[in-house]
Every structure is written in structure tokens, then in C-alpha cells.
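Written below as C-alpha cells is the structure these notes are about.
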Amino acid sequence: MRWALVKVCLAVTTMVVVAFAIPLGLVIKEMARDRAFSNAERQAAAVAPALSITTDRDQLERVVASAGSDSGMAVHIPVGGGQRAVDIGRQRAAADDIATVRRLGRASTTEVPGGSTLLQPVALSSGEIAVVEVYVPESEVSNGVATAWAVLAGVGIALVVGSVAVADRLGVRMVQPARKLVEGAHELGEGKLGARVPEEGPNELRLAAVAFNSMADQVVQLLANERELAADLSHRLRTPLTVLRLNAASLGDGPAAEQTRAAVAQLEREVDTIIRTAREAKPQTAAAGPGAGCDAAEVVRERMGFWSALAEDEGRKWRVAGTERPVRIPVARADLAAALDALLGNVFRHTPEGTAFAVDVHNGEDAVIVLVSDAGPGIRDPEAAMARGRGSGSTGSTGLGLDIVRRLAEATGGDVRIGSSVLGGTEVRVWIQLDGREPVRRGHRVRRRRTGRLVSTFNRPRSLP
-8 MRWALVKVCL AVTTMVVVAF AIPLGLVIKE MARDRAFSNA ERQAAAVAPA LSITTDRDQL
52 ERVVASAGSD SGMAVHIPVG GGQRAVDIGR QRAAADDIAT VRRLGRASTT EVPGGSTLLQ
112 PVALSSGEIA VVEVYVPESE VSNGVATAWA VLAGVGIALV VGSVAVADRL GVRMVQPARK
172 LVEGAHELGE GKLGARVPEE GPNELRLAAV AFNSMADQVV QLLANERELA ADLSHRLRTP
232 LTVLRLNAAS LGDGPAAEQT RAAVAQLERE VDTIIRTARE AKPQTAAAGP GAGCDAAEVV
292 RERMGFWSAL AEDEGRKWRV AGTERPVRIP VARADLAAAL DALLGNVFRH TPEGTAFAVD
352 VHNGEDAVIV LVSDAGPGIR DPEAAMARGR GSGSTGSTGL GLDIVRRLAE ATGGDVRIGS
412 SVLGGTEVRV WIQLDGREPV RRGHRVRRRR TGRLVSTFNR PRSLP
């Protein structure tokens, strides 16, 4: 593209220079010729007054000499009465040309060796016609023409070189963004997901760079979402694995029991490896559309029915509150179930057997709050626990459980907070926004809009039955 633009500009500029320089050079040449013959006419006109007064040879020779053109001027005077004509100066024009001018009475130019001559007729007092001949050498006719042609040629060359330089710069300005776009496409095709293109150059290339960068961002986002989905789906396997591990612990001794426990442990390690390998990017979680969602009370009752069997095996006391009436939330049923399983799985995984826990559902006008609390040892660093992929540092902890819950809440405009429960352990508050607005916060106390009635608080007393 760059050289094509240079060639086009070179061809166009050359044609323009030729189209203007040649006619202008011819005009300059013609002007030089006109200037030379104008000077000859002035010289001839300087002799005309003397010829109209006298035809004396000596006087005319002095007039011609005073004009300063004695070597290039000649005067041809006819003499009547059969006398011989008087010729002053060197005659260069042919006798026939002189006779023709005398007969016609009009000035004329004729070519002679070394240049041209101007033949100017002048009327004498006797009625005869004298002819003044002025020699114009070729050097005078072409005086300044060569210099003018050289100047025109220099200007033309400068224009061509300048246009080529400008075209080359424009070509570079167009080619460099295109080359960077090609390099970025190659890098992205080779798997370098961080490849981006500078948004510079002509408007079309800038738009192409913007589209390329947007496409690259979408590719990265899609890959991140795929990895995130793989991590989340793998994390959901932790719930049945927890059941298998607890059941395997009650099998007693024996080769079969040991093999079962070893297989469950191996499966847990494989799932952890999948989760840790898949977590690399933060996904985009879209909120549920109009009409979508589920009954949070029903999902809580269902999942608590599942976990209650394990709680009884481990001697854990548990309580559920706020599920007597339907509680609609803009969250998919499977996502809410996965979030509850992640929270309850953390209770069973990170608290000793016999530790009590509770699940409360609070239904407000614009938000639903799900509280999961336990009487365990608590979480020393809540911020680190909320950081994706950090985990607790213990075996079997990937750090994705709380992140699944957080993304579910943030998809509705809500949030997740970790605090201390009245049971003495950890309380996880999941705020699910119903209208997509930001939640109203006053420290750790959350109140309803308009009514001002208390919805929930971290420090509200509660007890297990």
C-alpha cells in the first residue's frame, strides 16, 4: 500500500509538472523573443526622425553611431532620378526582402545567419521609402530562457520529490496501523490473549482497531466464562463428595471401607485440581430476566432436607426460619441451590462435628436476605475468605464457594458480608436485591426504605430450638 501510494503520487505530480512547466517554458521563450525585437524596434525608431530630415550619409552615420548600434544596424536609402541607392552599415538581409518591405510599407523580420533582422520602413521627405535594418542575434533572442528552464526544472523536481515524501509519510501513517493490526491478529491467533492494537491512524483503521480490541476482549471474556463455568460446575461436585466422605467414614474398618475412603479422597483431590486449574478469570454473571427466578423458601427447605440427614449423623443441631411463605427472588433455582450447598458445605467441612447451624430467610420490600450462621470457630480474615481462589489454606478448600455466593448476590445488585453470629461462629449474610437497585446500608444494620422497620441485623439475638 505504501509503495502503491508513492507511485500514484509520483505519476500524478509528474503529469502536473509537465503540463504546467512545458507551456510556461514556451511562454518564457516567446517573451524573450518579443523583448529582443521590441528593443530592435526602439533602435529603428531612434533613426527614423533623422531620416525624415536628411539623407546625408555622414549625418546618418553619426546618428547610427550615436544609437550605439552601428555594428548591428543598417540603413538602405533609395535615391530618385536614377541615382544609386545609399547603404549605411552592414547589410545582412536579402535585397529581395528589403525591396518587398519598401514596396509594402510594413515592417518585417527575416532569418539570417546567426540570428534575425528587423526591417523597418521609414518615409523620407522626398516621398521615397527607406528601410532600417536592425540585426537581432540568436543569443539575444534566447537570453534568460535557459535560466528560466533550469528554474522550472528545479521547481518541478522539488515538487515531485516533495510529493513523494508526503506520500511516503502518508503511506507510513496508513501502513503502520494496518501492520500492527495484522500483527495483533497473528498474536491473538497464536493464543496471546493480551494482544491489543493501538487505536490510531486514519478513521477507518481506528475503527478496525476498536473492533479488533473489542473482539479480543470478548474472546478473553468468553474463555474466562468457560473456565469459570468449569470451576463452578466442578465445585458443585463437592456437595455429593462431602456426603460420600461422611458415609465412607461410617463404614467401619475393612479393605472395602479403606478403598472407598481412598477413592473418595482421590476424587476430592481431582475435583480440587480441576477447580484450581480452571480458575483464572472473573466471569460475567448476568442477572435473571423478567419473570425468571425461584421460590427461595422452597429451595431452602429442600436443601435443608438434604443436609439435615448429615447433620443428624454428626449430631448437629440446626434451625430454619422464614420459609413459611413463598419468597420470590430473581435468581435461578439451580444457582440458589448451588450457593446454599456451598455455604452449608463450608459449615460441615470447616467446623467440628456437633457444631450447630441455622438458616434464616428475611423477606423485605426490595430485598431478600439469607443468613447462614454456625457455632464454629469463625473466620479470622473475612476479606481473604471473600477473595476468589484464596481459600482457607486447608486441604479441600478452593476458595470458590463464597465467590459463587457473591456473584449470585451481585448479579441482582446485592452483596455478601461475613460477620460474627450470636451462636459464636460465622454468619454469612447474602443480600439479594429484588429491584436491581443498590442496597441501603447503615454500618452493619440494614433497614427497609419507606417503613424504617428493621429487616435484619448482624447482632440480632437468635437461638436454636
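Residues -8 to 456 (my numbering) make up the sequence shown, in order. Glycine included, every Cβ here is placed at the ideal spot set by N, Cα and C.
Presumed contact (8 Å Cβ cut-off) between Thr108 and Val132, rounded CB distance: Taking the sequence shown and counting its residues from 1, one reaches residue 108 at position 117. Taking the sequence shown and counting its residues from 1, one reaches residue 132 at position 141. About 12 Å separates the CB atoms of Thr108 and Val132; that is not less than 8 Å, and the two are not in contact.
Cα-Cα separation between Asn204 and Gly175, rounded to whole angstroms: On the sequence shown, residue 204 is found 213 positions in, with the first residue counted as 1. On the sequence shown, residue 175 is found 184 positions in, with the first residue counted as 1. Take the alpha-carbon of Asn204 and the one of Gly175: they are about 9 Å apart.
Buried or exposed (CB count within 10 angstroms, at least 16 for buried), Met377: One-based indexing of the sequence shown puts residue 377 at position 386. Under this definition Met377 is a buried residue.
Pro112 (DSSP reduced to helix, strand or coil): As a working mapping, residue 112 is identified with position 121 in the sequence shown. Strand.
Contacts around Asp78, its chain only, beta-carbon distance under 8 Å, and the 5 residues preceding and following it disregarded: As a working mapping, residue 78 is identified with position 87 in the sequence shown. When the five nearest sequence neighbours on each side are left out, the beta carbons in the same chain lying within less than 8 Å of the beta carbon of Asp78 are those of Ala65, Val66, His67 and Ile68, in order along the chain.
Segment limits, alpha helix (DSSP H) that includes Val188: Stepping through the sequence shown from its first residue, residue 188 is reached at position 197. In the DSSP assignment, Val188 falls outside any alpha helix (DSSP H) and carries neither an H nor an E.
Asn337 - partner residues in DSSP beta bridges: The residue given as residue 337 occupies position 346 in the sequence shown. Its beta-bridge partners do not exist; DSSP assigns none.
Lys273 versus Val210 - alpha carbon distance: Working through the sequence shown from its first residue, we reach residue 273 at position 282. Working through the sequence shown from its first residue, we reach residue 210 at position 219. Any answer about Lys273 is weak, because its pLDDT of 46 lies below 50 and its placement is not dependable; what the coordinates show is given next. Those two C-alpha atoms are separated by around 13 Å.
Simplified DSSP assignment, three categories, for Phe11: By one-based count along the sequence shown, residue 11 stands at place 20. Looking at Phe11 - three-state DSSP - the assignment turns out to be helix.
Residues that DSSP places opposite Thr101 in a beta bridge: Counted from its first residue, the sequence shown places residue 101 at position 110. Per DSSP, the beta bridge partners of Thr101 are Thr108.
Counterpart residues of Met64 in DSSP-defined beta bridges: Residue mapping note: residue 64 aligns to position 73 of the sequence shown, counting from 1. Residue pairing from DSSP places Met64 in a beta bridge opposite Val125.
Straight-line Cα distance separating Glu356 from Ala375: Start at 1 with the first residue of the sequence shown, and residue 375 comes out as number 384. Start at 1 with the first residue of the sequence shown, and residue 356 comes out as number 365. Near 32 Å, if we compare the C-alpha coordinates of Glu356 and Ala375.
Segment limits, alpha helix (DSSP H) that includes Ile370: On the sequence shown, residue 370 is found 379 positions in, with the first residue counted as 1. Here Ile370 belongs to no alpha helix (DSSP H), and DSSP marks it neither H nor E.
Span separating the alpha-carbon of Glu418 from that of Val407: Here the question's residue 418 lines up with position 427 in the sequence shown. Here the question's residue 407 lines up with position 416 in the sequence shown. Answer to the nearest angstrom: the Cα atoms are 10 Å apart.
Gln82 in three-state terms, based on DSSP: Along the sequence shown, one-based indexing puts residue 82 at 91. Shown here, Gln82 sits in coil according to DSSP, grouped into three states, outside any helix or strand.
Contacting residues, own chain, Cβ-Cβ under 8 Å from Cys0 (five flanking each side not counted): Here residue 0 is taken as the residue at index 9 of the sequence shown, counted from 1. Contacts found: Ser154, Val155, Val157 and Ala158.
Anticipated Cβ contact below 8 Å, Val251 with Gly336, distance rounded: Looking up residue 251 in the sequence shown gives position 260. Looking up residue 336 in the sequence shown gives position 345. Residue identity check: residue 251 is Thr in the sequence provided, not Val. The C-beta separation of Thr251 from Gly336 comes to about 20 Å, leaving the pair out of contact by the 8 Å criterion.
Residues sharing a beta bridge with Glu418, DSSP: Counting from one through the sequence shown, the residue named residue 418 turns up at place 427. According to DSSP, Glu418 bridges with Ser364 and Gly410.
Span separating the alpha-carbon of Ala169 from that of Val(-3): Translated into positions along the sequence shown, residue 169 becomes position 178. Translated into positions along the sequence shown, residue -3 becomes position 6. If you take the alpha carbons of Ala169 and Val(-3), they lie about 17 Å apart.
Where Arg94 sits in the DSSP three-state scheme: As a working mapping, residue 94 is identified with position 103 in the sequence shown. Residue state, collapsed to three classes: helix.
Between the CA atoms of Val352 and Arg260 - distance to the nearest angstrom: Counted from its first residue, the sequence shown places residue 260 at position 269. Counted from its first residue, the sequence shown places residue 352 at position 361. Here the alpha carbon of Arg260 sits roughly 34 Å from the alpha carbon of Val352.
Endpoints, beta strand (DSSP E) assigned at Val396: As a working mapping, residue 396 is identified with position 405 in the sequence shown. Residue range Gly392 to Glu401 is occupied by the alpha helix (DSSP H) that includes Val396, with no beta strand (DSSP E) assigned at that position.
Given Arg319 as reference, the closest of Ala199, Gln111, Thr5 and Asp286 once Cα atoms are compared: Here the question's residue 319 lines up with position 328 in the sequence shown. Ranking Ala199, Gln111, Thr5 and Asp286 by Cα distance to Arg319 puts Asp286 first.
Residue nearest to Met165 in terms of C-alpha spacing, selected from Glu191, Arg371 and Pro246: Reading the sequence shown from its first residue, position 174 is the one you call residue 165. Answer by Cα proximity: Glu191.
Coarse secondary structure for Val322, derived from DSSP in three states: Here residue 322 is taken as the residue at index 331 of the sequence shown, counted from 1. If DSSP states are grouped into helix, strand and coil, Val322 belongs with coil.
Span of the beta strand (DSSP E), counted from its first residue to its last, around Arg310: Residue numbering aside, residue 310 sits at position 319 when the sequence shown is read from its first letter. Counting along the chain, the unbroken beta strand (DSSP E) around Arg310 starts and ends at Trp309 to Ala312.
Buried versus exposed call for Thr314 [16 or more other C-beta atoms within 10 Å across all chains shown]: Residue 314 sits at position 323 when you count from the first residue of the sequence shown. When all chains shown are included, Thr314 counts as buried.
Residue burial classification, Pro14 (beta-carbon count within 10 angstroms, cutoff 16): As a working note, residue 14 is residue 23 in the sequence shown. Exposed is the call here.
Glu52 and Gln111 closer than 8 Å at C-beta: For the purposes of this step, residue 52 is identified with residue 61 of the sequence shown, where counting begins at 1. For the purposes of this step, residue 111 is identified with residue 120 of the sequence shown, where counting begins at 1. Taking 8 Å as the Cβ cut-off, Glu52 and Gln111 do not qualify as a contacting pair.
Residues that Val234 bridges to, as DSSP identifies them: Taking the first residue of the sequence shown as position 1, residue 234 is located at position 243. For Val234, which the question treats as bridged, DSSP gives no partner whatsoever.
Buried or exposed by the 16-neighbour rule on C-beta atoms within 10 Å, applied to His457: This structure does not reach residue 457, given that the chain is present from -8 up to 456, and the question cannot be answered.
Buried or exposed by the 16-neighbour rule on C-beta atoms within 10 Å, applied to Ser117: The count along the sequence shown starts at 1 and reaches residue 117 at position 126. So Ser117 counts as exposed.
Residues that Asn354 bridges to, as DSSP identifies them: Translated into the one-based positions of the sequence shown, residue 354 becomes position 363. Answer is Val359, bridged to Asn354.
Close beta carbons around Gly63, own chain, < 6 Å, minus the five adjacent residues each side: Taking the sequence shown and counting its residues from 1, the one referred to as residue 63 is at position 72. Tyr126.
Where Asp426 falls: helix, strand or coil (DSSP): Along the sequence shown, one-based indexing puts residue 426 at 435. Note: Asp426 maps to coil in three-state DSSP.
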